[in-house]
Amino acid sequence: MTPRLHVTGIGKSFADAKALDAITFDIAPGAALGVLGPNGCGRTVLLDILSGLLPPDHGNAHFTDEAGTRSSLAGLPPQDIVELGIARTWQGLRLIGGIAVLDEVVLGAYSRRRTGMFSAALGLPAGKQDMARAYDRARQMLTVVGLGGRASSLADQLSRSEQMRVGMARALTAEPELLLLDAPAAGLGDAERANLAELIGVLCEAGISVLVADRSINLIARCCDQAIALDAGRVVATGSPTECFASAAVQQAYFGTGLRAEC
Amino acid sequence: MQGLLVDLFDQSWASAAWNVLGPAMPMLAAIAVLAFAARIAWACGIISFAPIAIGAIGGYFAANLLVAGYGLALALLGAAAIGAWFGLVTAMLLGSLPAHAQSIATLAMAAAVAPLSRSLPALSGGSDGITIAAIIPTGGYLPALVSLAVLGAVVVAGAALDNSWFSIGARAMRRDPALAAGMGIQPRAIHTASFALSGLLSGMAGALLVLSSGVASPATFPISFGFLALAAVLVGGAFHWAGPVVGSLIFALPSALLGAGTHAIFDSANAIVVIVLLIFLPRGLLDPRDSLRRDAHERRHRRRLINLPPPAPDDSHRGGSTRDLQSRHASRLTAAIKRRSGGAP
Chain R
1 MTPRLHVTGI GKSFADAKAL DAITFDIAPG AALGVLGPNG CGRTVLLDIL SGLLPPDHGN
61 AHFTDEAGTR SSLAGLPPQD IVELGIARTW QGLRLIGGIA VLDEVVLGAY SRRRTGMFSA
121 ALGLPAGKQD MARAYDRARQ MLTVVGLGGR ASSLADQLSR SEQMRVGMAR ALTAEPELLL
181 LDAPAAGLGD AERANLAELI GVLCEAGISV LVADRSINLI ARCCDQAIAL DAGRVVATGS
241 PTECFASAAV QQAYFGTGLR AEC
Chain L
1001 MQGLLVDLFD QSWASAAWNV LGPAMPMLAA IAVLAFAARI AWACGIISFA PIAIGAIGGY
1061 FAANLLVAGY GLALALLGAA AIGAWFGLVT AMLLGSLPAH AQSIATLAMA AAVAPLSRSL
1121 PALSGGSDGI TIAAIIPTGG YLPALVSLAV LGAVVVAGAA LDNSWFSIGA RAMRRDPALA
1181 AGMGIQPRAI HTASFALSGL LSGMAGALLV LSSGVASPAT FPISFGFLAL AAVLVGGAFH
1241 WAGPVVGSLI FALPSALLGA GTHAIFDSAN AIVVIVLLIF LPRGLLDPRD SLRRDAHERR
1301 HRRRLINLPP PAPDDSHRGG STRDLQSRHA SRLTAAIKRR SGGAP
């Protein structure tokens, strides 16, 4: 089967510091891949490169959509990558704040808009219909992530877990075929991580591929069949999440020399 | 037409209101439209003084068209068009600068209006300016009604624009440019569109200022109007489409009603009003967040009254509330949710 995302040899340095070194992996359609690693291992840099916010120094990534069209992500600006069908969430959530949850989520539909600002300013029916469609879609995605009753709440007044799901709903509103989740389990309790793992399972069942970049082995073991572990920008283990975490290199990256932990 | 308008206003209450408000209307409308122009640039995170600078260009252009006999409608349209063009040029010149540098650059533009207009007498009439009072008398019905119509159109378009992709994109760009880029928003396109639209409104506001005073001269477009427009946005409520109108009424109405002799008093009063309101209401008098808080409070109150349990958002994605999903993407998600909930114990 053609992978949804095929990443080959991606590397990135900042001055003399190597942030990523020859990262290679595939994600199949409807699969969840975990990217494990301690803080500073290069997870967010990898996601920034895949979403077009940072150019890689070398290597490339290819995205194959549902219709089988293969596109290179090299040199594409972020807006083109979103239009291809790759959306992301953010470490630290990055909600706009001060607005209703529904308004926060509808931002995700920006890349799917069909009209411009003048049709809105002139009150043309096409502009109104386009906005109505976007808001319908935002409401649907809020329901999918379990926040259907929170559409008119202020986003800043929600719990951390709910805010994380607002971020996911916002990304899903872009109708992605590949969703990149950056540290989604940060600040969540065990029950909330279980809910999140279940939601990621739902997305995979719906055919959406998910890349879960998190330091939480607990989350990745629950929702991913495959994982790669990063340390100092290099892949130090691949396989199932349990295999990855059991590897000596990962144990050392997480706990230092001489300590071991069970998954 | 003029006779009909005279009949309409030939009633005691109407003529009293007219006597008070009519002559002030072009000035009020001009300040409000300038404030709308400033709010559009502010939507992208730029504190812009360009509205008064571009307003001056629009005002001089409109005055020249009126003197050349093109009529008021063409003068207004011309002012709007040249304003939009200069807005576009400003966006192209300043677009790569950081927000604070753009603000200073627009302040420099506003400061350059008076010396430039004095040094270009062929276009601006020099220090004396271009008088249009002989063509359209100030204080009459026509300037007041035209100003009211322009303001009405700007308010309607402003409200519609507030619920548009432009507004959504600009909000994201202002709060978090990296997030905006990651969501597929092109910051440069939003910036350019906002300056062009702001320029269009500024040009019209400049033409209204000329209608208000009967002359296009350096004194018609003082830099203080740039500050007034920004203050009107901040005090009225930068996050609400009606904020510029409310702010303009607060700042421009008293001095317009009490006459020109009181301008100095109201400049001081305006400064105090701005400081006090910004301290106690930093998001302005109209804040959409307040209505969201009220709605949330009412929902909680209603729930208590009818003894309903609180919502359980964590479980709602398992239930059937996704029945009406329409798009293919959403349908697949719904099917996956149903499969999961069917298999759940």
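Line by line, the protein sequences give chains R and L. Position one of the first sequence corresponds to residue 1 (the working numbering), numbered consecutively onward. Position one of the second sequence corresponds to residue 1001 (the working numbering), numbered consecutively onward. C-beta: ideal position from N, C-alpha, C; glycine also. Remember, predicted model here, so these are calculated numbers, not experimental data.
Less than 8 Å between CB atoms is the rule here; does Asp-1315(L) satisfy it with respect to chain R? Caution applies to Asp-1315(L), whose pLDDT of 42 falls short of 50 and renders its modelled position unreliable; the value that the coordinates give is listed next. Yes, its Cβ sits closer than 8 Å to a Cβ of chain R.
Taking DSSP as the reference, what is the three-state secondary structure of Gln-91(R)? coil
Considering only residues of the same chain and omitting the five flanking positions on each side of His-1317(L), which have a CB-CB separation below 7 Å? Low confidence applies here, because His-1317(L) scores a pLDDT of 40, under 50, leaving its location unreliable; read the following figure in that light. For His-1317(L), where only same-chain residues beyond five positions count, the Cβ hits under 7 Å are Ile-1337.
For Leu-1228(L) versus Phe-1251(L), is the C-beta spacing smaller than 8 Å? yes
In the structure shown, what three-state DSSP assignment does Phe-245(R) receive? helix
Just checking: is the beta-carbon of Leu-1308(L) within a distance shorter than 8 Å of some beta-carbon in chain R? For Leu-1308(L), the pLDDT reaches just 49, beneath the cut-off of 50, and the residue's location in the model is therefore unreliable, although a value from the coordinates is still provided. Cβ-Cβ to chain R under 8 Å: no for Leu-1308(L).
With 16 other CB atoms within 10 Å as the buried threshold, where does Pro-1137(L) fall? exposed
Considering Ser-1194(L), what are the terminal residues of the alpha helix (DSSP H) in which it resides? 1187-1213
For His-1240(L), decide whether its Cβ has a neighbour in chain R, counting only Cβ atoms nearer than 8 Å. no
DSSP beta-bridge partners for Ile-23(R)? Ile-10(R)
Simplified DSSP assignment, three categories, for Asn-1019(L): helix
With a CB to CB cut of under 8 Å and the five nearest residues on each side skipped, what residues in its chain are close to Ile-71(R)? Checking the displayed sequence, the identity of residue 71(R) turns out to be Ser instead of Ile. Closer than 8 Å at the Cβ level, and outside the excluded window around Ser-71(R), lie His-62, Phe-63, Thr-64, Asp-65 and Leu-84.
Mind pulling the chain L residues with CB within less than 9 Å of Glu-205(R)? Arg-1332, Leu-1333, Ala-1335, Ala-1336, Ile-1337, Arg-1339 and Arg-1340
Chain L contact residues for Val-212(R), given Cβ-Cβ distances below 8 Å: Those within 8 Å of Val-212(R) in chain L number zero; the least Cβ separation is about 17 Å.
Are Cys-1044(L) and Arg-1188(L) closer than 8 Å when you measure CB to CB? no
Assigned secondary structure, Ala-100(R) (DSSP; H/G/I helix, E/B strand, else coil): strand
Can you say whether Gly-37(R) is buried or exposed, counting buried as having 16 or more other CB atoms within 10 angstroms of its CB? buried
Find the residues of chain L that neighbour Ser-51(R), judging by a C-beta separation of less than 7 Å, and give them in chain order. Gly-1182
Does DSSP put His-1329(L) in a helix, a strand or coil? helix
Give the C-beta separation of Ile-217(R) and Pro-241(R) to the nearest angstrom, bearing in mind that I take them to be a contact with Cβ-Cβ under 8 Å. 6 Å
Taking the DSSP output, what are the residues bridged to Gln-129(R)? Per DSSP, none; premise fails for Gln-129(R).
For Leu-179(R), would you say it is in contact with chain L, using Cβ-to-Cβ distances shorter than 8 Å as the test? no
Run the proximity test for Ala-1159(L): is its beta-carbon closer than 7 Å to any non-hydrogen atom belonging to the ligand PLP? This structure does not include the ligand PLP; it has no bound ligands of any sort.
Let me check one thing: in DSSP terms, what residues is His-1100(L) bridge-paired to? BP columns for His-1100(L) are empty, so no partner.
Please go through the same chain and pick out, in chain order, the residues whose beta-carbon is closer than 6 Å to the beta-carbon of Ala-1105(L), but skip the five residues on each side of it. Leu-1094
Just to confirm, are Val-101(R) and Ser-153(R) a CB contact at a threshold of 8 Å? yes
What does the alpha-carbon distance come out to for the pair Ala-1062(L) and Ala-1030(L)? 14 Å
Per-residue DSSP class, three states only, for Thr-1322(L): With a pLDDT of 35 at Thr-1322(L), under the threshold of 50, the predicted position of this residue should be treated as unreliable, and no value is reported.
How long is the line joining the alpha carbons of Cys-223(R) and Asn-1163(L), rounded to whole angstroms? 38 Å
Determine the extent of the alpha helix (DSSP H) in which Ile-217(R) is found, giving its start and end residues. 217-223
Using DSSP's beta-bridge definition, name the partner residues of Asp-231(R). Arg-234(R)
Put Asp-80(R) into one of helix, strand or coil per three-state DSSP. helix
Counting only beta-carbon separations shorter than 8 Å, does Glu-83(R) have a partner in chain L? yes
Taking the beta carbon of Asn-1064(L) as the centre, do at least 16 other beta carbons fall within 10 Å, making it buried, or is it exposed? buried
Going by C-alpha to C-alpha distance, which of Gly-108(R), Pro-125(R) and Leu-107(R) sits closest to Thr-115(R)? Pro-125(R)
By the three-class DSSP mapping on this structure, what secondary structure does Leu-85(R) have? Just to set this straight, residue 85(R) is Gly in the shown sequence, not Leu. Gly-85(R) falls in the coil class under three-state DSSP.
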